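Residue numbering for the sequence shown follows full-length UniProt numbering, beginning at 1 and increasing consecutively. C-beta: ideal position from N, C-alpha, C; glycine also. As the structure is a computational prediction, the values presented were derived from the model and not from experiment.
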Amino acid sequence: MPHFDVAIVGAGAAGLFCAAQAGQRGLKVLLLDHASRVAEKIRISGGGRCNFTNRHLDIRTGHQHYLGQNPQFARSALSRFTPQDFIALVQRNGIAFHEKHKGQLFADHSAQDIIAMLLDACDRTGVQRWQPCTIDRIDHIDTGNTAQGAGRYRLHTAKGIVQAHSLVVATGGLSIPKIGATDFGYRIAKQFGLPIVALRPGLVPLRFAGDDWAPYAGLAGVALPVRIATGEKKQAMAFEEDLLFTHRGLSGPAILQISSYWQPGQSLRIDLLPQLDVAAALQKAKATTRKLLPNVLAQWLPGRLADAWCQRQSAWQGPVNQCSDKALAQLAQSLSGWQLTPSGTEGYAKAEVTVGGVDTQALSQQSMEAKGKPGLFFIGEVVDITGWLGGFNFQWAWASAHACAQAL
Ligand code: FDA
Numbered sequence: 001m002p003h004f005d006v007a008i009v010g011a012g013a014a015g016l017f018c019a020a021q022a023g024q025r026g027l028k029v030l031l032l033d034h035a036s037r038v039a040e041k042i043r044i045s046g047g048g049r050c051n052f053t054n055r056h057l058d059i060r061t062g063h064q065h066y067l068g069q070n071p072q073f074a075r076s077a078l079s080r081f082t083p084q085d086f087i088a089l090v091q092r093n094g095i096a097f098h099e100k101h102k103g104q105l106f107a108d109h110s111a112q113d114i115i116a117m118l119l120d121a122c123d124r125t126g127v128q129r130w131q132p133c134t135i136d137r138i139d140h141i142d143t144g145n146t147a148q149g150a151g152r153y154r155l156h157t158a159k160g161i162v163q164a165h166s167l168v169v170a171t172g173g174l175s176i177p178k179i180g181a182t183d184f185g186y187r188i189a190k191q192f193g194l195p196i197v198a199l200r201p202g203l204v205p206l207r208f209a210g211d212d213w214a215p216y217a218g219l220a221g222v223a224l225p226v227r228i229a230t231g232e233k234k235q236a237m238a239f240e241e242d243l244l245f246t247h248r249g250l251s252g253p254a255i256l257q258i259s260s261y262w263q264p265g266q267s268l269r270i271d272l273l274p275q276l277d278v279a280a281a282l283q284k285a286k287a288t289t290r291k292l293l294p295n296v297l298a299q300w301l302p303g304r305l306a307d308a309w310c311q312r313q314s315a316w317q318g319p320v321n322q323c324s325d326k327a328l329a330q331l332a333q334s335l336s337g338w339q340l341t342p343s344g345t346e347g348y349a350k351a352e353v354t355v356g357g358v359d360t361q362a363l364s365q366q367s368m369e370a371k372g373k374p375g376l377f378f379i380g381e382v383v384d385i386t387g388w389l390g391g392f393n394f395q396w397a398w399a400s401a402h403a404c405a406q407a408l
């Protein structure tokens with residue numbers, strides 16, 4: 001029966017990076033993935049250009065860009081493998097990149113360059129990759145002999161039975177099942193008695209239903225910068241990003257960011273004109289022009305949205321100079337404090353990440369090893385650490401993989 005120092009399940013971002021680093025340390029590594037194509041999420045990420053990290057991640061406060069029951073857990077790994085470390089790697093490999101928005105770094109050419117870099121590192125360090133290869137079962141063997149070379153985990157795979165001293169679970173979350181996402185990692189965690197923090201889709205478009213949504217149903221494609229918030233005052237989360245109307249609801253970076261914090265039943269508060277004192281601007285318009293209100297709003301908002309907004313009340317359709325102060329005040333209030341309650345999310349089929357996962361209380365923040373389960377590690381998205389949009393999820397994948405690889 002073949003024996004490896006480490007078997008890594010999942011050849012995505014975290015699994016590939018961990019395999020290459022473990023290989024570099026001289027370990028005999030087996031990397032397994034059931035999907036036929038390697039690292040599909042890297043390939044489709046960042047619109048095909050992979051937003052591979054974020055320069056604005058501050059290692060002292062970095063956990064602020066992460067959610068989970070204990071986001072502080074991420075700090076140890078993030079501080080030992082920083083965005084700068086990954087940037088240096090990308091530069092050493094001659095991959096050109098650029099910054100887009102708020103510290104987000106993308107490959108100039110293609111996400112494929114990042115995948116090729118990781119595969120090359122695996123090849124150079126002798127990592128064996130079995131892909132596609134399903135894993136039917138994993139057993140823990142209590143040999144009583146934990147000396148180097150004694151297998152502690154036995155994997156029953158489509159290519160035969162193998163033993164490994166350590167097992168790294170890097171199977172990611174539930175998002176986008178059609179490219180290979182499964183609940184395998186959570187099942188392995190349960191098998192070994194580790195708790196799971198409830199799972200839900202994150203970085204996901206939101207849906208709206210019923211009469212409340214009818215006025216906006218025809219606005220698909222309209223986009224604008226907004227301020228968006230959810231949650232009770234003290235724990236409210238807010239983002240300033242772009243909002244996008246879709247056929248079924250709302251999307252764009254503002255919605256994706258807030259969706260990770262949104263809980264069913266909660267409302268969203270959206271300021272459609274965060275940079276403008278709308279009440280004052282409308283009063284000024286009343287004093288200086290006879291334009292119809294939709295045309296006044298169209299100076300600040302996309303025209304289709306301005307029209308749809310004014311359709312909501314007959315008092316908002318006439319010339320601005322004939323509008324009552326009360327109607328203008330109500331209009332200003334509606335624009336800066338739009339309240340609406342999503343009916344749900346677009347689910348794992350459209351979510352970029354899974355919020356929740358293997359409870360960090362059961363893991364070592366130094367090594368990602370399961371407490372009381374020698375040689376069993378969980379890295380990347382399968383862990384209850386979820387990043388904001390903007391390269392933070394890949395940075396967590398690299399950093400947690402690095403922490404694990406140093407401890408193997
Ligand atoms: P990942 O999902 O990368 O890898 C898991 C691997 O495990 C897969 O190869 C899968 O096939 C394998 N696997 C699953 N079940 C298995 C089983 N039963 N047996 C064997 N293998 C199994 N993040 C970011 O920072 N910047 C970005 O630009 C984007 N963009 C983006 C776009 C889209 C459309 C999505 C869906 C996601 C993103 N993300 C992102 C999120 C990012 O892709 C994600 O957080 C990381 O890929 C997580 O890395 P992991 O290695 O943990 O899982």
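Tell me, to the nearest whole angstrom, how far the beta carbon of residue i is from that of residue j; I am working on the premise that it is less than 8 Å.
i           : j           : result
residue 345 : residue 204 : 5 Å
residue 86  : residue 360 : No, residue 86 and residue 360 are not in contact; Cβ-Cβ is about 22 Å, not under 8 Å.
residue 283 : residue 328 : 7 Å
residue 226 : residue 244 : Actually they are not in contact, since the Cβ atoms of residue 226 and residue 244 sit about 10 Å apart, beyond 8 Å.
residue 66  : residue 398 : The Cβ separation is near 14 Å, so there is no contact.
residue 337 : residue 271 : 7 Å
residue 405 : residue 25  : 7 Å
Applying the criterion that 16 or more other CB atoms from any shown protein chain within 10 Å of the CB defines a buried residue, is residue i buried or exposed?
i           : result
residue 8   : buried
residue 324 : exposed
residue 380 : buried
residue 14  : buried
residue 91  : exposed
residue 99  : exposed
residue 294 : buried
residue 371 : exposed
residue 152 : buried
residue 177 : exposed
residue 46  : buried
residue 21  : buried
residue 109 : exposed
residue 303 : exposed
residue 306 : buried
Leaving out five residues on either side along the sequence, give the residues of the same chain with a beta carbon under 8 Å from the beta carbon of residue i.
i           : result
residue 291 : 285, 319 and 320
residue 76  : 365, 366 and 403
residue 186 : 196, 199, 357, 358 and 382
residue 252 : 223, 241, 242, 243 and 244
residue 334 : 309 and 312
residue 289 : 296, 320 and 321
Given residue i, which residues of its chain have a CB within under 7 Å of its CB, disregarding the five upstream and five downstream residues?
i           : result
residue 129 : 11, 31 and 122
residue 237 : 229, 230, 231, 258 and 261
residue 350 : 204 and 205
residue 311 : 215
residue 1   : 161, 162 and 163
residue 277 : none
residue 388 : 65 and 257
Answer yes or no: do residue i and residue j have a C-beta to C-beta separation smaller than 9 Å?
i           : j           : result
residue 382 : residue 171 : yes
residue 16  : residue 118 : yes
residue 250 : residue 374 : no
residue 175 : residue 352 : yes
residue 44  : residue 255 : no
residue 55  : residue 111 : no
residue 218 : residue 298 : no
residue 182 : residue 23  : no
residue 300 : residue 340 : no
residue 68  : residue 296 : no
residue 95  : residue 39  : no
residue 390 : residue 103 : yes
residue 106 : residue 184 : no
residue 58  : residue 27  : no
residue 194 : residue 378 : yes
residue 131 : residue 34  : yes
residue 246 : residue 209 : no
residue 188 : residue 141 : no
residue 136 : residue 93  : no
residue 392 : residue 42  : no
Give every residue of the same chain whose Cβ lies closer than 6 Å to the Cβ of residue i, excluding the five residues on either side of it in the sequence, and list them in chain order.
i           : result
residue 158 : 133 and 134
residue 248 : 207
residue 401 : 14, 17, 18 and 379
For residue i and chain C, any beta-carbon pair shorter than 9 Å?
i           : result
residue 112 : The question asks about chain C, but that chain is absent: this structure has only one protein chain.
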